[in-house]
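In our numbering, the protein residues as written are 9 to 516. Glycine residues also receive a C-beta, built at the ideal position from the N, C-alpha and C atoms.
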Ligand code: NOJ
Ligand code: CA
C-alpha cells in the first residue's frame with residue numbers, strides 16, 4: 009500500500025540507547041540491526057531513528073556536522089545500508105531524523121560562514137550587528153535557556169541560535185541553503201529511506217525584520233519561528249518527497265497547541281507535511297475529559313483526506329509510565345494504539361520503563377547541564393533486553409546508567425500478563441481488525457473518569473473504553489470483549505465493570 013503510514017505503528021529508536029554492538033558503551037546502527045527480530049515480533053511497521061550523523065554530540069546528534077554520513081560512533085554508511093536492506097526485507101519502513109533548522113558550529117558551512125564577513129557562505133546563517141549599545145538585535149530566546157544570539161568576537165557580529173550556541177540556525181531565506189538542504193534529503197532518498205522526521209521544522213522561517221517576540225507570549229504567532237513563509241518551503245520539501253514513487257513520508261516536529269494553525273501544516277491542498285506531530289496528549293494531564301476534548305479537537309481539525317497521529321513519549325519528555333503512573337500507562341497505550349491516527353511508540357515504553365533520576369554530576373544532556381531540572385537523560389537510559397550485565401545493552405560501561413529494576417523488567421523476563429505482552433496483543437489485534445486502524449472515530453458519553461469512543465469500518469464496530477480513575481466503573485456495552493489491558497478476560501459481555509485504570513476493546 010502506498011500510504012503505509014496510515015496503518016503502520018512507528019517505533020522511535022534513540023540509537024545511543026538501543027543496543028551496543030562493539031563494546032564501547034554506546035548503541036549503534038549494527039546494534040539496531042541485530043534487534044530486528046524483536047521489532048518484527050512486536051509488530052511495528054516502521055522505525056524512526058534519531059540522528060546518527062557525524063556530530064560533535066553537543067546535543068547528541070541534533071548538532072549535525074555532515075548531513076550525508078554516519079558518525080563513526082554509530083557505524084558506517086555500509087552499516088546503514090545493511091540495516092535498511094534488512095528492514096525492507098522484513099517489510100518494515102525506515103524514517104530518519106532530519107535537522108533542517110540548525111547545523112553544528114563545526115559544520116564546514118558554519119566554519120566558512122564565521123571565518124569572515126565577506127565569506128561566500130556568510131549569508132548561510134543569520135549574522136547581525138549589535139544595537140548601538142552593543143546588545144543583541146532582539147529579545148529572542150534560545151529554547152535551551154538564555155538569549156538566542158551569540159557574539160562572535162572575530163567578525164564583530166551576533167549569530168542566531170534557537171537552541172545551543174553550538175547549533176547555529178541556517179538561513180533558509182537564502183536559496184542556496186534551501187537547495188543544499190533539499191539535496192541532503194535526496195541523498196538519503198536515493199539510498200532508499202521511506203521518510204523523515206523533521207526536527208523543529210517550523211523554526212526554519214522567522215520574521216525577516218527580526219522583530220521582538222511578544223512578551224509574555226500571546227495568542228499571536230511568535231516572530232522567532234512559524235513565519236507564514238514556512239508554508240511555501242514545506243511545499244517545496246513535499247515536492248522533493250514526491251519525486252519518488254511512492255511519494256515519501258514526512259512528519260514534522262511542531263509544538264502548536266492551536267488546532268487550526270497545527271492543521272495548516274498539512275497544507276491547503278495537502279501539499280505540505282504528510283503530518284505535523286500531534287503532541288497534545290503528551291502535554292495533558294491524565295484526565296478522561298481532557299483527553300476526550302483533545303482527541304475530538306484533533307479529529308475535527310484534521311483536514312479531509314489527511315491523517316491524524318498521536319504521541320505519548322519521545323526522547324525529550326518524561327517517560328509515559330512516570331507521567332501517568334505505571335498502572336495508567338497501559339490504558340494510555342491502549343488509547344495511543346486504538347485512536348484514529350498513526351501512533352508513535354518510544355523505545356522501552358513497551359516495557360513500562362520509567363524516568364530515571366540522573367544525579368547532577370552524571371548529567372549528559374546539555375540542556376540539563378545548562379538549566380538544572382531540564383535534563384532529558386532520564387528518558388534516554390539503555391533499553392533493557394535480558395538479565396546479562398547492563399541488561400544486555402552493552403558489555404562495557406553504558407553511556408548512561410541502566411534504570412533500577414531492569415533485572416525484572418527486561419524483554420527476556422516479561423511474562424504472559426506483562427506490559428510487553430499487552431503491547432504485543434494490542435499490535436496483533438490491529439493487524440486483524442481494520443476498524444481499529446482505518447475506522448471512523450466518534451467519542452461516546454461515558455461514566456465519570458472514563459473516555460470511550462467508537463471506531464467503525466464497513467460493518468465492523470468497536471468500542472474502546474479506558475477508565476482513567478482509581479475506582480471501578482460500570483459501562484453498558486453489549487458485545488465481545490476482544491482485549492483488556494489486564495489480559496485476564498475476554499469473550500461475550502453485556503456490561504463491564506472496569507477496574508481502576510483498565511482499558512477494554514469491545515466488538516459491538
Ligand atoms: C528537538 C529534538 O527533539 C531535541 O532533542 C533537540 O534537542 C532539539 N530539537 C534541537 O534540535
Ligand atoms: Ca557501540
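Review point. Would you call the stretch 309–328 and the stretch 11–31 touching, i.e. three or more CB-CB distances under 8 Å?
Key: Output reads yes: the stretch 11–31 touches the stretch 309–328.
Practice item. Would you check whether ligand 2 has a heavy atom nearer than 7 Å to the C-beta of residue 25? Key: The residue labelled residue 25 in the question sits at position 17 within the chain shown. Relative to ligand 2, even the nearest heavy atom lies 7 Å or more away from the CB of residue 25.
Check your understanding: When we look at the beta-carbon of residue 440 and count the other beta-carbons within 10 Å, is it buried (16 or more) or exposed?
Key -> As a working note, residue 440 is residue 432 in the chain shown. Per the 10 Å Cβ criterion, exposed.
Exercise for review: Give the DSSP bridge partners of residue 168, in chain order.
Suggested key: As a first step, residue 168 is located in the chain shown; it is residue number 160 there, counting from the start. Residue 168 pairs with 157.
Point to revise | For residue 347, the nearest candidate out of 481, 120, 449 (CA to CA) | key: Taking the chain shown and counting its residues from 1, the one referred to as residue 347 is at position 339. For the set 481, 120, 449, the Cα lying nearest the Cα of residue 347 is the one of 449.
Check your understanding: Is the beta carbon of residue 323 within less than 7 Å of some heavy atom of ligand 1?
Key -> Indexing the chain shown from 1 puts residue 323 at position 315. Yes, the beta carbon of residue 323 sits closer than 7 Å to at least one heavy atom of ligand 1.
**Study point:** Three-state secondary structure assigned by DSSP to residue 505
**Key:** Reading the chain shown from its first residue, position 497 is the one you call residue 505. Strand.
Review point. Is residue 21 near ligand 2, with its Cβ less than 7 Å from a heavy atom?
Key: To locate residue 21, count along the chain shown from 1; it is residue 13. Within 7 Å of the C-beta of residue 21 there is not a single heavy atom belonging to ligand 2.
Check your understanding: Below 8 Å between beta carbons: does that hold for residue 473 and residue 489?
Key -> Locating residue 473 in the chain shown gives position 465, counting from the first residue. Locating residue 489 in the chain shown gives position 481, counting from the first residue. No, these two residues do not count as a Cβ contact at 8 Å.
Check your understanding: Can you pull every residue whose C-beta falls closer than 5 Å to some heavy atom of ligand 2, listed in chain order?
Key -> Listed by position in the chain, the residues whose beta carbon lies within less than 5 Å of some heavy atom of ligand 2 are 28, 30, 32, 34, 36.
Practice item. Please state whether DSSP places residue 162 in a helix, a strand or coil. Key: Taking the chain shown and counting its residues from 1, the one referred to as residue 162 is at position 154. Three-state result, residue 162: coil.
Review point. Closest by CA to residue 236, which one among 280, 125, 401?
Key: In the chain shown, residue 236 corresponds to position 228, counting from 1. For residue 236, the nearest C-alpha among the options comes from 280.
Check your understanding: What are the partner residues of residue 458, as DSSP defines its beta bridges?
Key -> On the chain shown, position 450 is the one that residue 458 refers to. DSSP lists 475 as partners of residue 458.
Practice item. Would you list the one or two residues that DSSP bridges to residue 260? Key: Residue 260 sits at position 252 when you count from the first residue of the chain shown. In the DSSP secondary-structure assignment, residue 260 is bridged to 206, 284.
Check your understanding: Leaving out the 5 sequence neighbours to the left and right, which residues in its chain are closer than 6 Å to residue 200 when beta-carbon positions are compared?
Key -> For the purposes of this step, residue 200 is taken as residue 192 along the chain shown, with counting starting at 1. These residues qualify, in order along the chain: 92.
Exercise for review: Apply the 10 Å Cβ neighbour rule to residue 62 and answer buried if 16 or more other Cβ atoms are within range, or exposed otherwise.
Suggested key: As a first step, residue 62 must be located in the chain shown, where it is residue number 54. Residue 62 comes out buried.
Practice item. Determine contact between the stretch 326–343 and the stretch 368–379, defined as no fewer than three beta-carbon pairs at a distance below 8 Å. Key: Not touching, per the Cβ criterion.
Point to revise | Near ligand 1: residue 107 beta-carbon under 7 Å from a heavy atom | key: On the chain shown, residue 107 is found 99 positions in, with the first residue counted as 1. Yes, ligand 1 has a heavy atom inside 7 Å of this Cβ.
Practice item. Return the CA-CA distance between residue 331 and residue 296, expressed in angstroms with no decimal places. Key: Reading the chain shown from its first residue, position 323 is the one you call residue 331. Reading the chain shown from its first residue, position 288 is the one you call residue 296. Distance between the alpha carbons of residue 331 and residue 296: 15 Å.
**Study point:** Proximity to residue 198 [Cα-Cα], best of 147, 156, 252
**Key:** Taking the first residue of the chain shown as 1, we reach residue 198 at position 190. For residue 198, the closest C-alpha among the options 147, 156, 252 is that of 252.
Review point. Just how far apart, CA to CA, sit residue 437 and residue 248?
Key: Position 429 of the chain shown, counted from the first residue, corresponds to residue 437. Position 240 of the chain shown, counted from the first residue, corresponds to residue 248. Here the C-alpha atom of residue 437 lies approximately 35 Å from the C-alpha atom of residue 248.
**Study point:** Residues of its chain near residue 10, where Cβ-Cβ distance is below 7 Å and the 5 sequence neighbours each way are ignored
**Key:** Here residue 10 refers to the residue found at position 2 when the chain shown is read from its first residue. Closer than 7 Å at Cβ, skipping near neighbours: 254.
Point to revise | Beta-carbon contacts of residue 73 that lie in its chain and below 8 Å, excluding the five residues immediately before and after | key: On the chain shown, residue 73 is found 65 positions in, with the first residue counted as 1. Here the set comprises 61, 62, 63, 64, 111, 112, 114, 115, 116.
Review point. Does ligand 1 have a heavy atom nearer than 7 Å to the CB of residue 419?
Key: For the purposes of this step, residue 419 is taken as residue 411 along the chain shown, with counting starting at 1. No, ligand 1 has no heavy atom inside 7 Å of this Cβ.
Practice item. Write down every uninterrupted run of the alpha helix (DSSP H) in the stretch 59–146 whose length is 4 residues or greater and which is fully enclosed by it, in chain order. Key: Those alpha helix (DSSP H) runs which fall completely within the stretch 59–146 and span 4+ residues are 85–97, 116–121.
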